[in-house]
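Written below as structure tokens is the structure these notes are about.
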Amino acid sequence: MTTRDYQALDRAHHLHPFTDFKALGEEGSRIIERAEGVYIYDSEGNRILDGMAGLWCVNLGYGRQELVEAASAQLTQLPYYNNFFKTTHPPAVKLAEKLVQLAPEHISHVFFTGSGSEANDTVLRMVRRYWALKGQPQKQWIIGRENGYHGSTLAGMSLGGMDAMHGQGGPCVPNIAHIRQPYWFGEGRDQSPEAFGRECAAALEAKILELGEENVGAFIAEPVQGAGGAIMPPESYWPAVKAVLAKYDILLVADEVICGFGRLGEWFGSVHYDLKPDLMPIAKGLSSGYLPIGGVLVGERVANTLIEEGGEFFHGFTYSGHPTCAAVALKNLELMEAEGVVERVRDDLGPYLAKRWSELAEHPLVGQARSLGLMGALELIDPATGERFDKALGAGNLCRDFCFDSGLVMRSVGDTMIMSPPLVISHAEIDELVSKARLALDATAARLARTPQP
Ligand code: PMP
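Under this note's numbering, think of the first position of the sequence shown as 20, with each following residue one higher.
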């Protein structure tokens, strides 16, 4: 089939996630046919550096035969069985053990799901169940953050703080509130990052007092916001948030779906920021995206209560701990460990990327270039004013399209360009990523200079 054949069939029958169906139908999709290492290849033969690791998930890169073999062996041995009704199987047991070994010390158990969204649905059920068992069923409220992302199921989107999603999918799950995000470049540049970080943590305390401390069960946040725009909070933020949560005895849920498995140079973002969360939803990099699997890592405090005082927890998925997905995830973690992937991100690749990435801050279109581990963002600004472009110009989307043209996948969130490449990227490939990003910035600047202001 030709590219046009695929596009015609795609238009005829396929509704894509997070897509304006009509606009895509008019433009046509790009057909990705194969991949190797950090590169994807489209049906026109273009080689494109995948600066997003798929959707922040292909941590070990493409084409790892060991993962294919792990899937194949498990499919032959036991393709599917469940963990309901007092059964289990070796892949789920071994993966649970490995996760607890890699996670911070107080994490003792894992509940498996099929995705990150299901992990956050599980979080919501588990938090409310925990407090009910503790004799405080009124501790129903969960506080999330504006522009946080926790998935697309009803609970996931309710915990998240994406206005556009709430607008379409509401009414949301009740008893979820949101506070402001610690997005210094976007919302706090009139003060120092440290003062702004403390102000955002104070917003948490104010919300707790508004709702009544006796009614708030948990606070959920990504250690670094991913989909919201690769937003690293000011250094003052997490210590202040932790102090507030301890003061009012409120659980911390650190959504590790993106930050987990090496992205920030530690096995978990919570380790980088020393969070010690009670619950940690995971997915994506758990299997390097080769097969769908997620879960919730559960700390002793919650696990002990669920186990000792619980009775039946009426919650679970057909694919909770799916044997083939679990076997691939286990092999993925073993390979990451054996190859020292996480340490390399922390000690070598992260610092190298930070050095090269920060050079882009000199580009006239860039107001800030930030990165942590192998996650980064560029804030696009109008060189004439030093402020954001008019939204109608669509500078971010323009830049994203120029990236594709120059053979690089970056994502745009408004006028923030973000990247999160596979963790096996080489120095030379980082150089290539940075120079292609620069080409795209040049092309964007040239186009915008020719575009009349709206
Ligand atoms: N939490 C976070 C932080 C995420 O980034 C995502 C996905 N981008 C999810 C949850 C939802 O995961 P999934 O798409 O696997 O349901």
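Virtual Cβ for every residue (Gly too), placed ideally from N, Cα, C.
#### Entry: Per DSSP, the bridge partner or partners of Ala-196
Ile-162
#### Entry: 3-residue-minimum beta strand (DSSP E) runs that sit fully inside the region 84 to 170, ordered along the chain
126 to 132, 160 to 164
### Message
I need the straight-line Cα distance from Leu-305 to Phe-103, nearest angstrom please.
### Response
22 Å
### Query
Considering only C-alpha positions, which residue in the set Arg-53, Ala-54, Ser-454, Arg-164 is nearest to His-382?
Ser-454
### Task
Express the C-alpha separation of Ala-138 and Val-360 in angstroms, rounding to a whole number.
25 Å
### Task
Determine the burial state of Leu-384: buried for a count of at least 16 other Cβ atoms within 10 Å of its Cβ, exposed for fewer.
buried
### Query
Taking the alpha-carbon positions, what's the Leu-173 to Leu-230 distance?
22 Å
#### Entry: Bridge-paired residues (DSSP) for Ser-431
Met-436
### Query
If you measure from the CB of Gly-245, is any heavy atom of ligand 2 nearer than 7 Å?
Absent from the structure shown: ligand 2. Ligands present: ligand 1.
### Message
Less than 8 Å between the C-beta atoms of Arg-466 and Leu-417, yes or no?
### Response
yes
### Heavy atom of ligand 1 within 7 Å of Tyr-168 beta-carbon
yes
#### Entry: Of the listed residues Gly-386, Thr-132, Asp-461, Arg-419, nearest to Glu-406 (C-alpha basis)
Gly-386
### Query
Does the Cβ of Ile-326 have 16 or more other Cβ atoms within 10 Å, making it buried, or fewer, making it exposed?
exposed
### Task
Would you mind working out which of Asp-274, Gly-314, Leu-310 sits nearest His-73, comparing C-alpha positions?
Reading off the sequence shown, one finds Gly at residue 73, where the question assumed His. Closest by alpha carbon: Leu-310.
### Message
Alpha carbons only, please: which of Asp-140, Arg-282, Ala-214 is nearest the one belonging to Val-443?
### Response
Arg-282
### Query
Is it right to say Thr-106 is buried, meaning 16 or more other beta carbons lie within 10 angstroms of its own, or is it exposed?
exposed
### Query
Quick one: does the C-beta of Asn-416 sit closer than 7 Å to a heavy atom of ligand 1?
no
### Query
Can you give the Cα-Cα distance for Tyr-149 and Gly-135, rounded to whole angstroms?
20 Å
### Task
Go to Met-355, then tell me how far its alpha helix (DSSP H) extends in each direction, as first and last residue.
342 to 357
### Query
Are at least three pairs of beta-carbons, each pair with one atom in the region 249 to 265 and one in the region 108 to 120, less than 8 Å apart?
no
### Message
What does DSSP give as the partner residue(s) for Val-235 in the beta ladder?
### Response
Trp-160
### Query
Of the choices Leu-43, Asp-69, Ala-42, whose alpha-carbon is the least far from that of Ile-51?
Asp-69
### Query
Beta-carbon separation of Ile-269 and Val-315 under 8 Å?
no
#### Entry: Residue nearest to Leu-94 in terms of C-alpha spacing, selected from Gln-120, Cys-344, Phe-423
Cys-344
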